[in-house]
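Here the structure is laid out as structure tokens; the discussion comes afterwards.
Residue numbers (our numbering): 25 to 541.
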């Protein structure tokens, strides 16, 4: 995934931009399963600010793709201000990190497991005034000597026809190779025209203005040499709405196989191979939520109902419930919120066990429905015989294999590192039309609006989202209510034998959202 233009999604992706930009986890209803945080915010911030290596387990999954920015940002603070001296509690979830040569103020929250659920840069200040800048350069682009602020660094970045690796810190470049920088920037500003200026916004944000639109910059941190240590770009906003047909057709130019549907007030207004049954990753969880909601309407369940976590429910991340003790009590509201907003794979399995696979399978059009644990177990090379039997079997035989897979060992997490494509024949194959139908059933639930995905919530009245990804698989499904009252669902899937270019896919999806707003 791009470290400059960040997604989030699920089963390895959690779609909501994160880093030192604001990320908020779902409100957790009170249950007996909640415990005292493993760390105080001050202790967690101290650990983060002094670490030589950031551990992904310190964060909820929404931060997974943004850890390089978090690492680069805090290393940039150390480079700029020296060693950390202490962390002060300012109240209201705000904390001041005191370095030898300056301070950094952040707003942060932790969940019951002591993981960061929110981390928002509020400001930074040197202990003494910076030296006077040299005489202005005659060039319209800031000279290297003048690039000492994020605004100047951004101006140089967007003005340039050729990017220089010297504009990025060494730690940044370890995460984003120089060869990827130009394509990422080009995708982020695609269709916006000629760069014009950078404006400073509230709370450390910026807006890059182009002739035909704007590009929000949610994080830009630089070191004393003016090199980027962190950079988080939002989705470009063109001045004029893109043409819907052209936005849909753009998916056909992506690598691999794509499927798209746009449904406005119940009518298909744009599509590309909409009935194709492609792998959709965690987007299949819409089927579980829709079945749960249907059973609630018949009185079988209610949101406040408490169920317990079982050992057989536990899967690999995304999510964190796999680290919780067996028999921990959890409300259905908590489980559903985690399943959708965080794509918690263990919460998913608890709910699938509760509502039953038959009803979920009917909603998804699948004869056999693997749990997330089943999926990981069958992809384990140690369980190849089970995988072969599953792939060769009919629906009845597949269900028998899934019963055996429930006791099979899980693979190491490293098997899926680097967006590796592992056993692509094993997945949840669901048409985008089905996903939009399921989304329409559940979109009104508040939990569907915790994580807006790629969409900018400020452009719509409501945004409901679920996505899914693993190596070679990416789906984004969003239902919005436009400002003029239209209900629009947009679902797009891409499958490839190689890792998906998520930057290109996200750019195409952003233009699709712009076309319907």
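A virtual CB, placed ideally from N, CA and C, is assigned to each residue, including glycine.
Check: Minimum length 4: unbroken alpha helix (DSSP H) runs contained in the region 193-221; Outcome: 194-199 and 202-212
Check: Sequence ranges, alpha helix (DSSP H) only - wholly within the region 308-348, length at least 4; Outcome: 309-321
Check: Assigned exposure category for residue 205 - 16 Cβ within 10 Å defines buried; Outcome: buried
Check: Residue nearest to residue 218 in terms of C-alpha spacing, selected from 391, 459, 539 and 179; Outcome: 179
Check: Every unbroken alpha helix (DSSP H) within the region 378-423, with a cutoff of 4 residues, ordered by chain; Outcome: 381-388, 396-403 and 408-416
Check: Rounded separation between residue 370 and residue 382 - CA only; Outcome: 19 Å
Check: Inter-residue CB distance, residue 462 and residue 310 (contact presumed, cutoff 8 Å); Outcome: 4 Å
Check: C-beta neighbour in chain C for residue 336, strict 8 Å; Outcome: Annotation note: the requested chain C is absent from the structure, which comprises a single protein chain.
Check: Pair within 8 Å by beta-carbon distance, residue 504 and residue 486; Outcome: yes
Check: Anticipated Cβ contact below 8 Å, residue 368 with residue 400, distance rounded; Outcome: In fact, because the Cβ distance is near 14 Å, the residues do not count as touching under 8 Å.
Check: Residues bridged to residue 110 (per DSSP); Outcome: 122
Check: Meets three-Cβ-pair contact criterion under 8 Å: the region 377-396 and the region 416-432; Outcome: yes
Check: Reduced DSSP category for residue 236 - H, G, I as helix; E, B as strand; rest coil; Outcome: coil
Check: Stretch pair the region 297-307 + the region 478-495: three plus CB contacts closer than 8 Å; Outcome: yes
Check: Same chain, Cβ closer than 6 Å to residue 101, five either side skipped, listed in chain order; Outcome: 128
Check: Residue environment, residue 533, which counts as buried when at least 16 other CB atoms sit within 10 Å; Outcome: buried
Check: DSSP beta-bridge partners of residue 291; Outcome: 288
Check: Helix, strand or coil at residue 451 [DSSP, three-state]; Outcome: coil
Check: Range of the contiguous beta strand (DSSP E) that encloses residue 353; Outcome: 353-355
Check: Residue 109 vs residue 124 beta-carbon contact at 8 Å; Outcome: yes
Check: Proximal residues to residue 69 (C-beta, below 8 Å), its chain only, five neighbours per side dropped; Outcome: 111, 119, 121, 130 and 132
Check: Delimiting residues of the alpha helix (DSSP H) encompassing residue 530; Outcome: 526-540
Check: Whether residue 278 touches residue 529 by CB criterion (8 Å); Outcome: yes
Check: Bridge partners - residue 75, DSSP secondary structure assignment; Outcome: Beta-bridge pairing links residue 75 to no other residue.
Check: Residue 64 in three-state terms, based on DSSP; Outcome: coil
Check: Residue environment, residue 455, which counts as buried when at least 16 other CB atoms sit within 10 Å; Outcome: buried
Check: Exposure of residue 114, with buried meaning 16 or more beta-carbon neighbours within 10 Å; Outcome: exposed
Check: Cβ-based neighbour list, residue 294, same chain, cut-off 6 Å, excluding 5 preceding and 5 following; Outcome: 268, 272 and 286
Check: From 209, 213, 521 and 249, residue whose alpha carbon lies closest to that of residue 194; Outcome: 249
Check: Three-state secondary structure assigned by DSSP to residue 246; Outcome: strand
Check: Reduced DSSP secondary structure (H/G/I, E/B, other) of residue 372; Outcome: helix
Check: Contacts around residue 387, its chain only, beta-carbon distance under 7 Å, and the 5 residues preceding and following it disregarded; Outcome: 311, 314, 315 and 462
Check: Distance between residue 452 and residue 162 (C-alpha atoms, nearest Å); Outcome: Summary for residue 162: the model assigns pLDDT 36, below 50, so the residue's position carries little reliability, and this model does not support an answer.
Check: Cβ-Cβ separation, residue 354 to residue 544 (assumed contact under 8 Å), whole Å; Outcome: The chain is shown only over 25 to 541; residue 544 falls outside these bounds and no answer can be derived.
Check: Coarse secondary structure for residue 264, derived from DSSP in three states; Outcome: coil
Check: Whole-angstrom C-beta distance between residue 325 and residue 334, which should lie under 8 Å; Outcome: No, residue 334 and residue 325 are not in contact; Cβ-Cβ is about 17 Å, not under 8 Å.
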